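Q:
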């Protein structure tokens, strides 16, 4: 998360965050709650031992053997996770094969209103923004449909419509990514310049995001308009859109707070609304509607599980914003400059010494050079 510290000061930034993360000697136990944060960790000292002088890496390795659930942030030797999708290459190719049809359907629809400029521009916006990522959200909808549908329902036509539904989710995500990049002032996304950073795009990107959003509902109507669950799909996209914008608002407003005001409750609220709903719950819930599920209790239980997974996912994403390689993640982290309420910031403040808290309060949310200067004075 603290990417500016790493880029500007190398090991200095890592030492600050890690020294805040390393708790006093003892064994860390995790409560029965599945929450992945220090609010649910308690300390017990089963076997007190005399202090022994060891180098930094040796101490961390010993602690990693003691903890019942080690955090990867404490282990410098943990290799980077491989980036890949959860489905087969053939499934990914089948999913991608539908994208040209999607582009053609949407540009044909736009041609009803403008045959040249708007259609050509929107095709470019689609191709630049929508298919470039790992497409895990869209593929999750297809995978969920395959798992939930009865065998006789897995017809080529239904699979094709599940692919269209998956692409609606990918467009949905692109709407938020385009707007988020503008609001955050980000430079890169998915290994290429953010859409608004392209020379002839600029703030036209905002209108393109609105067009993408409207396109989702055109696709839904064309592909599912005659289905009894059509209204459920529309309602779900509208509901999750509102929830996600609430999360974005929380995220932006939290950046105005002092870092000492960040709490795990605030963080979980931001994460759940901004990321977890549309990333994990939406794909599965849409597939459930498509396969005939209508019991509210089943949806409630599904949401509970998937939101928990979503919170873990975002904590991992916060870590990668700081420590991830931009060549692998496809983006340059900006959480530190923006003073974002992230998992690393919250846990750092929970575990930091008074001196470290003062440093965070003074420099968190500053530019790279300013923050680096403060850290060097403390070193």
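In our numbering, the protein residues as written are 148 to 526. Just so you know, even glycine gets a beta-carbon here, dropped at the ideal spot from N, CA and C. Please read these numbers as outputs of a predicted model, since none were measured by experiment.
#1: I need the straight-line Cα distance from residue 407 to residue 397, nearest angstrom please.
#2: Rounded C-beta distance between residue 314 and residue 245? I'm assuming under 8 angstroms.
#3: Should residue 283 be labelled buried (16 or more other beta-carbon atoms within 10 Å of its own) or exposed?
#4: In three-state DSSP terms, what is residue 410?
#5: Please go through the same chain and pick out, in chain order, the residues whose beta-carbon is closer than 7 angstroms to the beta-carbon of residue 507, but skip the five residues on each side of it.
#6: Using a 10 Å radius around the Cβ and a threshold of 16 neighbouring Cβ atoms, would you call residue 260 buried or exposed?
#7: At which residue ranges does the region 301–355 contain complete alpha helix (DSSP H) runs of 4 or more residues, listed in the order of the chain?
#8: How is residue 273 classed by DSSP in three states: helix, strand or coil?
#9: So, are the CB atoms of residue 488 and residue 414 less than 8 angstroms apart?
#10: Would you say residue 333 and residue 478 are within 8 angstroms of each other, going by their C-beta atoms?
#11: My understanding is that residue 450 touches residue 428, with C-beta atoms under 8 angstroms, so please give their C-beta distance in whole angstroms.
#12: Only counting the same chain, and skipping five residues up and downstream in sequence, which positions put a Cβ closer than 7 angstroms to that of residue 295?
#13: Can you tell me which of 394, 418, 444 and 298 puts its alpha carbon nearest to the alpha carbon of residue 463?
#14: Does the distance from the C-beta atom of residue 360 to that of residue 322 stay below 8 angstroms?
#15: Under 8 angstroms Cβ to Cβ from residue 331, same chain only, skipping five residues before and after it: list those, please.
#16: Identify whether residue 246 lies in helix, strand or coil by the three-state DSSP scheme.
#17: Classify residue 302 as buried or exposed, calling it buried when 16 or more other Cβ atoms lie within 10 Å of its own Cβ.
#18: Which whole-angstrom value is the C-beta distance of residue 276 and residue 325, which I expect to be below 8 angstroms?
#19: Which residue marks the beginning of the alpha helix (DSSP H) containing residue 446, and which one marks its end?
#20: Can you look up residue 402 in the DSSP assignment and give me helix, strand or coil?
#21: How is the alpha helix (DSSP H) around residue 292 delimited, first residue to last?
#22: Thinking C-beta only, is residue 308 closer than 8 angstroms to residue 371?
#23: With hydrogens ignored, establish whether the beta-carbon of residue 308 is closer than 7 angstroms to any heavy atom of the ligand SAM.
#24: Which residue marks the beginning of the alpha helix (DSSP H) containing residue 495, and which one marks its end?
#25: Taking the alpha carbon of residue 271 as the reference point, which residue from 358, 289 and 327 has its own alpha carbon closest?
#26: In terms of residues, what are the limits of the alpha helix (DSSP H) holding residue 485?
#27: Indicate the three-state DSSP secondary structure (helix, strand or coil) for residue 261 in the structure shown.
#28: Residue 395 and residue 327 look like a contact to me (Cβ under 8 angstroms); what is the Cβ gap, rounded to whole Å?
#29: Between the Cα of residue 392 and the Cα atoms of 320, 338, 443 and 446, which residue gives the shortest distance?
#30: If residue 448 sits next to residue 423, beta carbons under 8 angstroms apart, how far is it from one beta carbon to the other, in whole angstroms?
#31: Rounded C-beta distance between residue 289 and residue 411? I'm assuming under 8 angstroms.
#32: For residue 454, collect the residues of the same chain with a Cβ closer than 6 angstroms to its Cβ; drop the 5 residues on either side in sequence, then sort them by chain order.
#33: Would residue 249 and residue 292 qualify as a contact pair, given that the criterion is a beta-carbon distance under 8 angstroms?
#34: Are residue 443 and residue 316 close, meaning C-beta to C-beta below 8 angstroms?
#35: Classify residue 355: buried if its beta carbon has 16 or more other beta carbons within 10 angstroms, exposed otherwise.
#36: Buried or exposed: residue 237, going by 16 or more other Cβ atoms within 10 Å of its Cβ?
A: To lay it out plainly:
#1: 16 angstroms
#2: 7 angstroms
#3: buried
#4: coil
#5: 406, 495, 496 and 499
#6: exposed
#7: Those alpha helix (DSSP H) runs which fall completely within the region 301–355 and span 4+ residues are 303–331.
#8: helix
#9: yes
#10: A contact, by the Cβ cut-off of 8 angstroms.
#11: The pair is a contact, with the Cβ atoms about 5 angstroms apart (cut-off 8 angstroms).
#12: 434, 435 and 438
#13: 418
#14: yes
#15: 481 and 485
#16: helix
#17: Flag for residue 302 reads exposed.
#18: 6 angstroms
#19: 443–470
#20: Note: residue 402 maps to coil in three-state DSSP.
#21: Where residue 292 is concerned, the enclosing alpha helix (DSSP H) stretches over 283–295.
#22: yes
#23: The model on display carries no ligand, and the ligand SAM is accordingly not part of it.
#24: 490–498
#25: 358
#26: 482–485
#27: coil
#28: Indeed, because the Cβ distance is near 7 angstroms, the residues count as touching under 8 angstroms.
#29: 320
#30: Not quite, the Cβ-Cβ distance comes to about 15 angstroms (not below 8 angstroms), so this is no contact.
#31: That pair is no contact at about 34 angstroms.
#32: 419 and 423
#33: no
#34: no
#35: buried
#36: exposed
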